[in-house]
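Numbering (my numbering), first residue to last: 48 to 573.
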Ligand code: ADP
Ligand code: ZN
């Protein structure tokens, strides 16, 4: 007998689904499930999660039960499987009594390889009883993030799925999702009672995207230079934090020779549709948009996404930057980041009207975004780690390139200490608090009206940091705020106070490193 080199799953993949090879971690997931293990599978939409349970379903003895929250998707999957000759059916609220009966009969007769079912239906005693009388080969829980209150898709009926662990203790369970942040991931494992599940994350990398964060100075001029030098006449999206800003920036770009249009929820429906259509059809259009833009837009040759305001979470950043380079050709995710973005953290905190825990989540997400922007290591590694995927330094992001240079980092400890002692002295000696602008004037030795009026030119820290430019100082303060060594007051005046987190730097026990290019580049007189 000639032994084939192809494994049983590979044969099913080719014979039933007509595909040549498994993608990403499909093969590992399938092997793991076939061996009886539980798994949490994280793959982006379109990554190929379905095969992770469909292939084992065809190889294992019994019926695989697939929990799915969306009836339309359930229906499509069942149709597609049947077209391939797979014995699949679904039970949901759209079926007539007769149809349900028919499915139940096939199920009991052991004639189904896959049964798709809505979560609320599965935990009903009637179906439970039927399933107890047959062999269940595996349990797949699709859109598993619906069990978590952290996400926006929380579905209370998913909580009941925890009982599956008791009903089918020996049956492998597979949770699948495209959107699991670390907190959601933990929730899925806890609430579905999957303590031993192996986590498989893959497919989140977008290798053709170059990630880049620049220090925000004159952001409009920086954006214009970025477009003109690198993407003149190409299609791109600029994300801003507000409607007014989108509107103003689009006009400004137009005046500077860029074909730009605004897009935000303040435009009427007809305008939005028109702008969107122009974006799809015109090869050189730059859409200046709020978060409202992007869903369902499938334009393969968007060459850049530029963030002039920081997104509020890494998920937003990933989603928004993911809209470039769908054609696989080189594309850039560019972001200008400055002190004003960190200050936004406090605006966000004040504006989050929901519960304290909700506000805390918003803050935690924003802080991760801040860490990403401040970081000195590979952007891609950080982004992928956020989605559970391990990777190596990519060589294709600003930080990877920066680290290849000679002496890439600047020891900003001394500069940080100057700011911190200014804050400290003003508070200890005079009971005063000020915002970043005034603090920077003091360390730079600027005799502004306010500095003179307050007698701050007699402080011992006055002028100690005159050698560095305003922008350099803004970057130092930004870093201290991002690390929460300096925090602003709650009233929104932007005055800064020290926190215990600043003590190690203040005492010189911890060094603070910054990118050298963000210093030298701006180390010029203002
Ligand atoms: P997800 O559920 O992760 O969003 P799907 O399971 O619906 O993604 O798969 C998305 C598409 O990719 C489908 O059209 C599917 O046929 C295709 N696909 C999945 N795995 C493979 C593979 N190994 N080879 C080729 N095509 C695949
Ligand atoms: Zn990198």
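Glycine included, each C-beta is placed from N, C-alpha and C at the ideal position.
Can you list, in chain order, the residues of its chain with a C-beta nearer than 8 Å to that of residue i? Leave out the 5 residues immediately preceding and following it.
i           : result
residue 76  : 86, 88, 99, 221, 247
residue 237 : none
residue 277 : 351, 379
residue 508 : 465, 468, 469, 472, 489, 490
residue 474 : 480, 544, 545
Output the distance between the C-alpha atoms of residue i and residue j, rounded to the nearest integer angstrom.
i           : j           : result
residue 163 : residue 78  : 22 Å
residue 552 : residue 183 : 59 Å
residue 291 : residue 284 : 16 Å
residue 110 : residue 157 : 7 Å
residue 561 : residue 534 : 19 Å
residue 214 : residue 126 : 29 Å
residue 494 : residue 395 : 34 Å
residue 392 : residue 146 : 54 Å
residue 435 : residue 144 : 43 Å
residue 224 : residue 192 : 6 Å
residue 324 : residue 81  : 47 Å
residue 375 : residue 138 : 39 Å
residue 572 : residue 564 : Bear in mind that a pLDDT of 43 at residue 572, under 50, signals an unreliable position, so the model cannot answer this.
residue 71  : residue 254 : 14 Å
residue 349 : residue 265 : 25 Å
residue 178 : residue 155 : 8 Å
residue 386 : residue 420 : 11 Å
residue 389 : residue 477 : 27 Å
residue 256 : residue 141 : 43 Å
residue 280 : residue 243 : 52 Å
residue 92  : residue 245 : 20 Å
residue 397 : residue 547 : 22 Å
residue 446 : residue 440 : 9 Å
Who does residue i pair with in a DSSP beta bridge?
i           : result
residue 247 : 88
residue 530 : BP columns for residue 530 are empty, so no partner.
residue 335 : 285, 309
residue 509 : DSSP lists no partner for residue 509.
residue 183 : 110
residue 354 : 286, 382
residue 560 : 458
residue 602 : In the structure as shown, the chain begins at 48 and stops at 573. Residue 602 is therefore absent and cannot be evaluated.
Under the criterion of a Cβ to heavy atom distance below 7 Å, does residue i qualify as lining ligand 2?
i           : result
residue 432 : no
residue 372 : no
residue 378 : no
residue 199 : no
residue 44  : Since the first residue of the chain shown is 48 and the last is 573, residue 44 is not available in this structure.
residue 440 : yes
residue 301 : no
residue 446 : yes
residue 443 : yes
Just to check, is the beta-carbon of residue i closer than 7 Å to a non-hydrogen atom of ligand 1?
i           : result
residue 69  : yes
residue 98  : yes
residue 90  : yes
residue 66  : yes
residue 492 : no
residue 73  : yes
residue 369 : no
residue 435 : no
residue 385 : no
residue 61  : no
residue 93  : yes
Please go through the same chain and pick out, in chain order, the residues whose beta-carbon is closer than 6 Å to the beta-carbon of residue i, but skip the five residues on each side of it.
i           : result
residue 307 : 297, 300, 301, 333, 335
residue 159 : 110, 134, 136, 153
residue 63  : 131
residue 433 : 361
residue 150 : 136, 138
residue 557 : 551
Report all residues from its chain with a CB closer than 7 Å to the CB of residue i; omit the five preceding and five following residues, and keep chain order.
i           : result
residue 497 : 485
residue 523 : 459, 462, 463, 466
residue 108 : 182, 184
residue 438 : 252, 427, 428, 431
residue 330 : 282
residue 449 : 455, 562, 564
Check: Can you find at least 3 beta carbon pairs, one from the stretch 184-203 and one from the stretch 60-68, that sit closer than 8 Å?
Finding: no
Notebook entry, point to check: Given 8 Å as the limit, is there contact between the stretch 353-373 and the stretch 502-517, that is, 3 or more CB pairs closer than that?
Noted result: no
Note to self: Assess contact between the stretch 541-551 and the stretch 475-485, defined as three or more Cβ pairs (one per stretch) separated by less than 8 Å. Is contact present?
What the structure shows: Segments in contact, yes.
Checklist line | Inter-stretch contact at 8 Å, needing at least 3 Cβ pairs: the stretch 342-356 / the stretch 310-321 | finding: no
Check: Hey, is the stretch 226-234 in contact with the stretch 50-59, meaning 3+ C-beta pairs nearer than 8 Å?
Finding: no
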